[in-house]
Structures are given as structure tokens and as C-alpha cells.
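To start, the structure itself, in C-alpha cells.
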Amino acid sequence: MLKCISRNLHQIKFEYFYQLNIQKNIYKSFIKFYYSFSLMESNITLSNKEETIKFLENNKINFFVEDHDKADTVQEGLEKVKTDKISKDEFTFCKNLFLKNKAGGFYFITAHPTSQTDFKLLHKLFHAKSGNIRNAEKDQLQSYLNVQPGSVSPFSLLNLKDSQKSEVKFFLDKAIVSDYIAIHPMINTSTVFIKTDDLINLLEKSQISVNRLELKEPSVVTPSNDAASVAPKKAEDDGKSKLAVSCGKNQDFAEWYSETITKSEMIDYYEISGCYILRPWSYSIWEIIQRFFDDKIKEIGVENAYFPLFVSERALNKEKDHVEGFSPEVAWVTKSGKNNLENPIAIRPTSETIMYPSFAKWIRSHRDLPVKVNQWTNVVRWEFKNPTPFIRTREFLWQEGHTAHSTLEEADKQVYDILEFYRQVYEDVLAVPVIPGKKTENEKFAGGFYTTTIETMIPTNGKGIQCATSHNLGQNFSKMFEINYLDEKQVSQQAWQTSWGLTTRSIGVMVMTHGDDQGLVLPPRVAPIQAIMIPIITSKDNPESIKNKLHEISKGLKSIGVRTKVDDSDLHNPGWKFSHWELKGVPIRIEFGAKDMQKDQVTIVCRDNKEKFTCKYDEINSKIKDLLELIQKRMYQKAKDELNKKTSEAFNYDQFIKLVSDKNMVLTPWCNIKECEEQVKKRVKDAYSDKGDDENTAATAKTLCIPLEQKPLEEGSKCFFCEKKAEVRVFWGRSY
Ligand code: 87F
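For the sequence shown, the working numbering assigns the number 486 to the initial residue and increments by one for each residue that follows.
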């Protein structure tokens, strides 16, 4: 019964947004009536320190508390709030403002203590007429936040009743960048130190949107970062501001990436540095990649298996070239409970040394070959460089394939068959153009004979990135692990081996390649939902008939293999849903309302180029099928054009350094001599050492690959750097 009322009343709320033909006060009283039911289920009351602490504990939040003398002002707080548990620069003691505007809405601002918060600035930021913003009254502090003046903190926002949540907009100062935030637990004789991310999560879980705000004079205000665009407009806003990515892709790429993958619900942050949670939206993408690649390798006789996570020190160090250079990244288990292990064991960073003792057992005769084994697992590499979700993480998911063959030629074929499958994963599934090539001696896997790779470049920051590698290991490992077999003449031979890996980095490269200012843009082949269907219902309509028709269309599309979803929830209005699915990158949106129904049509919107058009019922299936293919091709072509624009040739060092600094991937004629590559790297590094290794310098330029496809060198071509005879053309770039 309760559910039934709540559904209908949501409907009424929704109509209000879209029709604006119901009087505001009637709407308000409906909403009050409605919320008087839902409040009973969801509201929290925090009245004091004890309740706040209990609440944090119940929510499994890590925090600590310091008691102190009463701190009535920010200045007093800064003097009195101390801790020896974390250093001063790890936390921000914040100032909190609860303000009201003339239209009846409220702003809650949590600011860095040094940020400007004068009314002149606030009026500008919120585009308000002078005098329209003031401090909220004491009784409003009580009725909205359940707190006394002097003790206001973001915790008090948790006291907002559901009916008040659309009236209060919360802003968190962008200047707060510390890991921890220090705020009062409803009383200013005590301070809770809580991770800033945890606080944000807590608030968002309670349906309180966290808007980031820059507390300084707006310069050029674009609609997307204009504080006014997220200012309380009371009910019409419906939390849309919570969705949007706050900065453009070209404005602050790192921030754009972080917001895109979190707000699209791909990634959640985790307390251990370099480790991230893959939420269902990104894991589904991984599953699609897995399915594609798994089918391919099975066609060429690869079988899946699972080998243990742990490796002994003895096995790990058996092939010295292999671990050399990698050893700082190996993570070890040294204890069980309180006791030290007699022999520490490593957590797999890759599984050559785990699998090959078994290969030695399984392979006796030429009849046992080839052996082709693959596993889908996680690996751990304790990286020290800046972690980036998907791109560089301490734990990641991958497939690692390992094969053994009787001839070098067979191993060669295996290496290139796999490289071609990797190219297909990137180009045909993820719509990311790549360059297949060979690594130079410097960059190859040291334990192997040669390394093939597919590489690409992220045009936004000009960084080259290794997408997947396929190695011919030669006989190095078979020597060390004694993987021997008797050939047809009963002569003992060593096996030729390959190994190859593709990781969840592929998802990050895809996001960086295609995403735009509105968030993710997913290529149809990898989109967990390819067409999202959204009903547009007004007060005059029969909601059920519109929804039923959409479900019928969805069923038709599903029957021809299109991944669809009808978002007919009553929780959000269509505007919110449009933004939500846009942010998640769904390739096609199908809108459907009464007007469409009258004309036997749906409205279709493409995520990639925003094109909008209508389509008659009887053409929907074929139209959507074709459109998905078209979008896939269009996205690949767009990415390819961008990559081409940023790919240049250089014939001497001056041209080279200029192009690399200008975020290009550069192809040069090259001598293919190890020492020459080292000298190029050194010269680049020295040239930039005084400028610092920031995003705009070329400090880390290195070879990416010697492309497999290359036009023949002209007679007498010289190395661009050492001017010896050029042997190949090689790609250089700054790199991840
Ligand atoms: C880190 C620690 C220890 C890379 C490491 O590329 C060892 C290693 O051997 C290590 N990081 N590598 C190279 C991995 C080679 C190879 N293994 C199978 C692959 C693909 C999958």
C-alpha cells in the first residue's frame, strides 16, 4: 500500500517538472504528504557526539576523534584542534557556512579555512542580487540541521529530512584536497578526523549531492563549471548537478578522468593506494572483452587453466634475466598471524615461474606439443609511480597465455596470431586504433627472445601507451626449467615458448580515447547497455501504455541481440536519466512519449555525436542494428583521425624534440643500436631537467615500437640522432 502511494506521488512530482502546469503549492503539499511516509523509513537523526560516532561505526567508517576546549570560531578551531595521529598537512580543519537565499533555498558551504567566503564573492558565484544571500537563522539551523551555531559541520547535513534535501545545496571547496577532513561531531568541543572521500560517500549515500566549488572570482564562466548552474533551484534541479563531470577533458585531463570513471560508476576508490574497485559497469566491459578474446584463443587451441597465486623465492629467481629490474615490484607474504613465515612467498606478478615447472612435467615427447594454456587472473606489482585507475594499478586483472612448441617457427606464428587478436580487441571491439610493432632491445621483456606489442597514444596528453604484449621467449625458460622433449628421432630438444598478456588497462585506454566533456562514450560493441529507453510521461498521459509500448520495443530489440534497458523507474525525471546514461556512455538513447506514440515512432539520440532523429516502429530493429555498427565505425574513425593528427615524422633531433614536446608520437629513421636509444633518452631528460617532469614536458620520451608495417627506408637514410646508417623506422613518445 505504502509503495503504491509512493510510486504515484513520484509520478506527480515528475509531471511537475515536465508540464509546469500544476500549481507549486499543490505540488508542495503533495510532496509533503508523500514524504511523510518515506521519512519514516530513511531519516537519520544525529543529535550529539555519541550518536555521530555510533553512526560512523555502524557505517564501518575509519575515523578518530580528538576532544578539545570549546572552539566557537574557525580561528579558535585552528588553534585548538590538534592531533598526533596524522601530520598537519594530511587534514583540513574546515569552516562551515549555512546560508539562505531570498528565493527560499539554502547553501551549505564547507570551505578551506583560508578560502575567501565573503558575501560579495558568494553573490557573484551564485549570480545573486546583492543582499539576496544571508546567514540562515538560528531556528533554521535547528530545524534543518539540528545543530547549534558554532557546531555546524557537514555531519549536520545528515539530519536533513528527505523533504528538505532538495532545498539545500551542499558545496565542498575545491581547495580542500587533503586526505582527511576535520569536522565537529555536532558539538564544537570535539573533532572527528575522517577521510574526505568517506565523508563524500556518506553524504551521497544519504542523497546529498556534493558539488565542488572554487571560492574565487569567476573569470570566464562556462555553463559546466558555473556555480550558479548547481545553485538551489528547489525541486526542478532533481540532483542533476551531482551527475555532471565538473571540468572539460582538455581543461584538466586528470580530474576529468577521475570524475568520469567514478561518476559513471566504473570505479570506486579503495583505502590501499594503487588498488581500485571495479564496479559492475566496468566489470561488465571486462567480461565482454574476455568473451571476445577467449573465443578467439580457443579457436587456435588454447585451453584455460588456473595456477596458484603464490610463488616461492626459489622458483621466482630461477630465470635471473626475467626478475632482474622487476624485483622491487614483487610483493611478499612474510607472516601468518603474528608469526614470521620461515620462507616468505611472493604474490604472482606474472606466472612464467609458476607454470613452467608443470610444463616440464607435462611435456615429454613431441606428441605432447604444442601446449597452449591461458589463465584469467589478478596479478600484483607494487608500482611506485603515480597510480591511475585501470592504467597503472598495484593489482590488476589480465589474461596471461603461455605456450610451448617444438619449433621456433611455430612459436613465431603463435606470437603473431595473438598480436592480431589483441589488435582486434582494441580496434574492432574498443574502437581504439593501435600500432602493431616490435619492441627495441631496450624495451623488450628481458627474459625473452623478442617482444611484439600494440601501442597507441592518448591524444589529449600526447602520451604513448603500451596496450598488450606478445613475447617469443625463445628457449630461455625451457633451459632453466628443463622443458625438454624427445623429437621424432628420440633426440632430446628444448621447447620454444611464448607468453602474452592483455590487462584491464584496455578499459582505461578506451575511456581516455573516446570520453568527452559529458563523461564516458562507449563503443557499441563493448557497451553493457547499447540502447537505453526512457519514457517521457506527462500528467495527461496514461503512464502504463507508454511504458508497455517501450517494453514491447525493447523485447523486439533484445530478440535481435541488442542489449537494451527500459529505465522506467519513478525515482528520477527524464532529464536526470538523460544525464545519468549519457555520463555512463550508453551509445543510443531512445526517448518515447505520448506525441511519439501518436505518430507510431520513437526519438533516437546518439551519444557520440548527439544526433537526434525519429524512427517509425516498423523500422526500429533494423535502424538500431545499423546505427550501432555505424557508431562503432564512426568512433574508430574519429579516434584514428586524432591519432594521425598527432603522429609525425622527424629526421633530426631538433625536429624530434619539438614534436615530442608538442604531444606528438614521432616516427624517425633509426640505427637500431641500444646505446643510441639510451643517449636519446638521456639527452631528452637533460634538456628538460630544469623544467621539471610535468605533463607538458617530454622528460620521459622513449621508443614505443618498431611498427610492423613500414614504408621502406630511402637509399642512404641516416639515423635521426647518431647519423649512422638507418636500419628501421621507430616510434618515440612520452609514455605512461
Ligand atoms: C614484475 C615483477 C616481477 C613484468 C614484473 O608480459 C616480474 C615481472 O616478469 C615480469 N613485471 N614482467 C614481465 C611479464 C612478461 C609476460 N608474462 C606473461 C607478459 C605477458 C604475460
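All residues carry an ideal CB built from backbone N, CA and C; glycine is no exception.
>> Less than 8 Å between the beta carbons of residue 1121 and residue 1206, yes or no?
In response: Mapped onto the sequence shown, residue 1121 falls at position 636. Mapped onto the sequence shown, residue 1206 falls at position 721. No, the pair does not count as a contact, with Cβ atoms beyond the cut-off.
> Is residue 811 closer than 8 Å to residue 968 when the C-beta atoms are compared?
Replying inline: The residue you call residue 968 lines up with position 483 of the sequence shown. The residue you call residue 811 lines up with position 326 of the sequence shown. For residue 968 and residue 811, no; Cβs fall outside 8 Å.
>> Ignoring anything shorter than 4 residues, give me the alpha helix (DSSP H) runs that lie fully in the region 797-837, in order along the chain.
In response: 798-801 and 805-808
> In terms of DSSP beta bridges, what is residue 1028 paired with?
Replying inline: Looking up residue 1028 in the sequence shown gives position 543. According to DSSP, residue 1028 bridges with nothing at all.
> How big is the Cα-Cα spacing for residue 825 and residue 808?
Replying inline: By 1-based counting over the sequence shown, the position of residue 825 is 340. By 1-based counting over the sequence shown, the position of residue 808 is 323. Straight-line Cα distance between these residues: approximately 24 Å.
> Can you give the beta carbon distance from residue 581 to residue 671, rounded, assuming they're within the 8 Å contact cut?
Replying inline: Locating residue 581 in the sequence shown gives position 96, counting from the first residue. Locating residue 671 in the sequence shown gives position 186, counting from the first residue. With 8 Å as the limit, residue 581 and residue 671 do not qualify as a contact, their Cβ atoms being about 12 Å apart.
>> Measuring CB atoms only, is the region 628-641 touching the region 574-588, in the sense that at least three cross pairs come out at less than 8 Å?
In response: yes
> Going by other Cβ atoms of all chains shown within 10 Å of its Cβ, with 16 needed for buried, is residue 1148 buried or exposed?
Replying inline: By 1-based counting over the sequence shown, the position of residue 1148 is 663. Buried, since its Cβ has 16 or more Cβ neighbours within 10 Å.
> Can you tell which of 896, 633, 679 and 556 has its C-alpha closest to the C-alpha of residue 538?
Replying inline: Within the sequence shown, residue 538 is the residue found at index 53, counting from 1. Out of 896, 633, 679 and 556, 679 has the C-alpha closest to the C-alpha of residue 538.
>> Does the beta-carbon of residue 628, which I'm using as the reference point, lie nearer than 7 Å to any heavy atom of the ligand 87F?
In response: By one-based count along the sequence shown, residue 628 stands at place 143. Checking every heavy atom of the ligand 87F against the Cβ of residue 628, none is found closer than 7 Å.
>> Assuming contact is defined by CB atoms lying nearer than 8 Å, are residue 1113 and residue 1072 in contact in what I supplied?
In response: Working through the sequence shown from its first residue, we reach residue 1113 at position 628. Working through the sequence shown from its first residue, we reach residue 1072 at position 587. Yes, the pair counts as a contact, with Cβ atoms nearer than the cut-off.
>> Would you say the beta carbon of residue 941 is closer than 7 Å to some non-hydrogen atom of the ligand 87F?
In response: Along the sequence shown, read from residue 1 onward, the residue named residue 941 stands at position 456. No, the beta carbon of residue 941 sits no closer than 7 Å to any heavy atom of the ligand 87F.
>> For residue 877, would you say it is in contact with chain C, using Cβ-to-Cβ distances shorter than 8 Å as the test?
In response: Absence of chain C from the displayed structure is noted, only one protein chain being present.
> Can you tell which of 693, 569 and 1099 has its C-alpha closest to the C-alpha of residue 1086?
Replying inline: Stepping through the sequence shown from its first residue, residue 1086 is reached at position 601. Minimum Cα distance to residue 1086 is reached at 1099.
> If you draw a straight line from the C-alpha of residue 771 to the C-alpha of residue 752, how long is it?
Replying inline: The residue you call residue 771 lines up with position 286 of the sequence shown. The residue you call residue 752 lines up with position 267 of the sequence shown. In a straight line, the C-alpha of residue 771 is about 13 Å away from that of residue 752.
>> Output needed for residue 530: all residues of its chain with C-beta closer than 8 Å, excluding positions within five of it in sequence on either side, in chain order.
In response: Indexing the sequence shown from 1 puts residue 530 at position 45. Contacts found: 536, 631 and 644.
> Contact check, residue 936 vs residue 919 under 8 Å by CB: the rounded distance?
Replying inline: Mapped onto the sequence shown, residue 936 falls at position 451. Mapped onto the sequence shown, residue 919 falls at position 434. About 15 Å; that fails the 8 Å criterion.
> Would you say residue 436 and residue 664 are within 8 Å of each other, going by their C-beta atoms?
Replying inline: Because the chain in this structure spans residues 486 to 1221, residue 436 falls outside the shown range and cannot be described.
>> When you compare the CB positions of residue 1198 and residue 1216, do they come within less than 8 Å of one another, or not?
In response: To locate residue 1198, count along the sequence shown from 1; it is residue 713. To locate residue 1216, count along the sequence shown from 1; it is residue 731. No, Cβ-Cβ distance for residue 1198 and residue 1216 is not below 8 Å.
> Among 1164, 1128, 1069 and 1191, which residue has its Cα nearest to the Cα of residue 729?
Replying inline: Along the sequence shown, one-based indexing puts residue 729 at 244. With distances taken between Cα atoms, residue 729 lies closest to 1069.
>> Measuring only the C-alpha atoms, how far is residue 540 from residue 667?
In response: One-based indexing of the sequence shown puts residue 540 at position 55. One-based indexing of the sequence shown puts residue 667 at position 182. For residue 540 and residue 667, the distance between alpha carbons rounds to 17 Å.
>> Using 8 Å as the cut-off, can you tell me whether the region 643-658 makes contact with the region 587-603, which would need three or more C-beta pairs spanning the two stretches below that distance?
In response: yes
> Excluding sequence positions up to five away, which residues of its chain have a Cβ less than 8 Å from the Cβ of residue 591?
Replying inline: In the sequence shown, the residue the question calls residue 591 occupies position 106. Excluding positions up to five away in sequence, the list reads 583, 584, 585, 621, 625, 629, 652, 653, 654 and 717.
> Does the Cβ of residue 869 have 16 or more other Cβ atoms within 10 Å, making it buried, or fewer, making it exposed?
Replying inline: Working through the sequence shown from its first residue, we reach residue 869 at position 384. Burial call: exposed.
> Are residue 949 and residue 1168 close, meaning C-beta to C-beta below 8 Å?
Replying inline: In the sequence shown, counting from the first residue as 1, residue 949 sits at position 464. In the sequence shown, counting from the first residue as 1, residue 1168 sits at position 683. No; because the gap between Cβ atoms is not below 8 Å, this pair is not in contact.
> According to DSSP, is residue 784 helix, strand or coil?
Replying inline: Position 299 of the sequence shown, counted from the first residue, corresponds to residue 784. DSSP places residue 784 in helix when its eight states are reduced to three.
>> Is residue 985 a contact residue of the ligand 87F, with contact defined as CB to any heavy atom under 7 Å?
In response: Here residue 985 is taken as the residue at index 500 of the sequence shown, counted from 1. Flag set: Cβ of residue 985 near the ligand 87F.
> Is it buried or exposed for residue 525, if we count other Cβ within 10 angstroms and need 16 for buried?
Replying inline: Stepping through the sequence shown from its first residue, residue 525 is reached at position 40. Residue placement at residue 525 is flagged as unreliable, the pLDDT there being 30, under the threshold of 50; a coordinate-derived value is accordingly withheld.
> Contact check, residue 888 vs residue 899 under 8 Å by CB: the rounded distance?
Replying inline: One-based indexing of the sequence shown puts residue 888 at position 403. One-based indexing of the sequence shown puts residue 899 at position 414. About 5 Å separates the two Cβ atoms, so the contact holds.
> Would DSSP call residue 967 helix, strand or coil?
Replying inline: Here residue 967 refers to the residue found at position 482 when the sequence shown is read from its first residue. The answer is coil: DSSP assigns residue 967 none of H, G, I, E or B.
> Which class does residue 1221 belong to by DSSP, given the choice of helix, strand or coil?
Replying inline: In the sequence shown, the residue the question calls residue 1221 occupies position 736. Looking at residue 1221 - three-state DSSP - the assignment turns out to be coil, as it is neither helix nor strand.
> So who's on the other strand from residue 1206, going by DSSP bridges?
Replying inline: As a working mapping, residue 1206 is identified with position 721 in the sequence shown. Residue 1206 is not bridged to any residue.
>> Quick check: what's the CA-CA separation for residue 517 versus residue 874?
In response: Translated into the one-based positions of the sequence shown, residue 517 becomes position 32. Translated into the one-based positions of the sequence shown, residue 874 becomes position 389. With a pLDDT of 33 at residue 517, under the threshold of 50, the predicted position of this residue should be treated as unreliable, and no value is reported.
>> If you measure between the beta carbons of residue 546 and residue 647, is that distance less than 8 Å?
In response: Locating residue 546 in the sequence shown gives position 61, counting from the first residue. Locating residue 647 in the sequence shown gives position 162, counting from the first residue. No, Cβ-Cβ distance for residue 546 and residue 647 is not below 8 Å.
>> If I follow the unbroken alpha helix (DSSP H) through residue 999, where does it start and stop?
In response: In the sequence shown, residue 999 corresponds to position 514, counting from 1. Run containing residue 999: 990-999, per the alpha helix (DSSP H) assignment.
> Is there at least one non-hydrogen atom of the ligand 87F closer than 7 Å to the beta-carbon of residue 835?
Replying inline: Residue numbering aside, residue 835 sits at position 350 when the sequence shown is read from its first letter. Yes.
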